[in-house]
Amino acid sequence: MMLHFRKFLRLLQSACKLLYPKNLVHFYPLASCLKGTTSIECNNEGVYFVEARVKCQLLGFLKQPNPKLFNQFMAKHNSKTAQLALGTCVLLVQISVFNCGGIVVAISPLHKIADGTSLHTFVCFWAAINHGEYHQLVLPTFNGATLLLTKDLSAMHNFMGPIPTQTLTTRMFMFNVSKMASLKAEIGSRSQKFTPTNG
Numbered sequence: 001m002m003l004h005f006r007k008f009l010r011l012l013q014s015a016c017k018l019l020y021p022k023n024l025v026h027f028y029p030l031a032s033c034l035k036g037t038t039s040i041e042c043n044n045e046g047v048y049f050v051e052a053r054v055k056c057q058l059l060g061f062l063k064q065p066n067p068k069l070f071n072q073f074m075a076k077h078n079s080k081t082a083q084l085a086l087g088t089c090v091l092l093v094q095i096s097v098f099n100c101g102g103i104v105v106a107i108s109p110l111h112k113i114a115d116g117t118s119l120h121t122f123v124c125f126w127a128a129i130n131h132g133e134y135h136q137l138v139l140p141t142f143n144g145a146t147l148l149l150t151k152d153l154s155a156m157h158n159f160m161g162p163i164p165t166q167t168l169t170t171r172m173f174m175f176n177v178s179k180m181a182s183l184k185a186e187i188g189s190r191s192q193k194f195t196p197t198n199g
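For the sequence shown, counting from 1, position 141 maps to 141 in full-length UniProt numbering; every step adds exactly one.
Spelled out as structure tokens, the structure:
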């Protein structure tokens, strides 16, 4: 239990270290708030961060997952708390800690601002900071405004089309420790360097 708790403290310290506004300088749009429907206000407020406690064992949850509970691990953009705290946040992060010390980290971007590739870059940056490999990263540039002509988007109120109503499927893939070690050994034998955060 103590080992898990220490891991959690390190993760929490890493989260806090990254989510401070001064450390988000390379991802400044993520430390902003949505202004209206088409622009962001770079107010340097930081990321909205939630720490939650889960009163069950992670392994028990994974063995019999309840899809209805998945959303409980995500901080939500329509959360009144988030809106009161920071206006309409661009990025929400929630760390949920189970009784056993297991951890779920959920990152919820506002998709008007960040796509999957942008979020992947941010998560790799976060992992690199946690591992002390910050200087090895190629940092993003937000130079779209210098490359593309700006348009007046003030008349556009709704970027989203209708939300599809078809049934969605959720899939989970679970790997135990021995399978992960075997997978790492197999990949490691193919190359000299194995670093998961290289993307």
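For each residue, glycine too, the CB sits at the ideal point set by N, CA and C.
Given this structure, state the Cα-to-Cα distance separating residue i from residue j, to the nearest angstrom.
i, j, result
"M180", "M172", "15 Å"
"N176", "L24", "34 Å"
"S32", "V47", "8 Å"
"G101", "L62", "14 Å"
"A127", "S118", "14 Å"
"L59", "G188", "28 Å"
"T165", "A106", "24 Å"
"residue 200", "S178", "Missing from the structure shown is residue 200; the chain here goes from 1 to 199 and no further."
"S39", "S182", "47 Å"
Who are the Cβ neighbours of residue i in its own chain at under 6 Å, not counting the five residues just before and after it?
i, result
"T121", "P140"
"F27", "F122"
"A75", "V50, L92, Q94 and S108"
"V54", "S96 and F98"
Using a Cβ-Cβ cut-off of 7 Å (strictly less than) and excluding sequence neighbours within five positions of residue i, which residues of its own chain qualify?
i, result
"S79", "Only weak support is given to the placement of S79: the predicted model assigns it a pLDDT of 49, under 50, and the value that follows is read from those uncertain coordinates. If we look at S79 and ignore the five residues flanking it on each side, it has no Cβ neighbours."
"K35", "E41"
"F142", "P29"
"residue 201", "An answer regarding residue 201 cannot be provided, because it is not within the stretch 1 to 199 covered by the chain."
"P67", "T170"
"Q57", "F98, N99 and C100"
Going by C-alpha to C-alpha distance, which of the options sits closest to residue i?
i, options, result
"S72", "T165, A114 and F98", "What sits at residue 72 in the sequence shown is Gln, not Ser. Closest by alpha carbon: F98."
"L69", "E186, S178 and T170", "T170"
"H111", "S182, F142 and C89", "C89"
"A52", "V104, N66, P65 and P29", "V104"
"M174", "E133, P65, C124 and C56", "P65"
Helix, strand or coil, according to DSSP, for residue i in the structure here?
i, result
"T170", "coil"
"A114", "coil"
"V105", "strand"
"F175", "coil"
"L137", "coil"
"Q94", "strand"
"T165", "coil"
"C56", "coil"
"C100", "coil"
Could you pull out every residue in the same chain whose Cβ sits closer than 8 Å to the Cβ of residue i, ignoring the five residues on either side in sequence?
i, result
"residue 231", "As displayed, the chain neither begins before 1 nor continues past 199, which places residue 231 out of reach and without an answer."
Sequence ranges, beta strand (DSSP E) only - wholly within the segment 29-53, length at least 3: The qualifying runs are 33-35 and 39-41.
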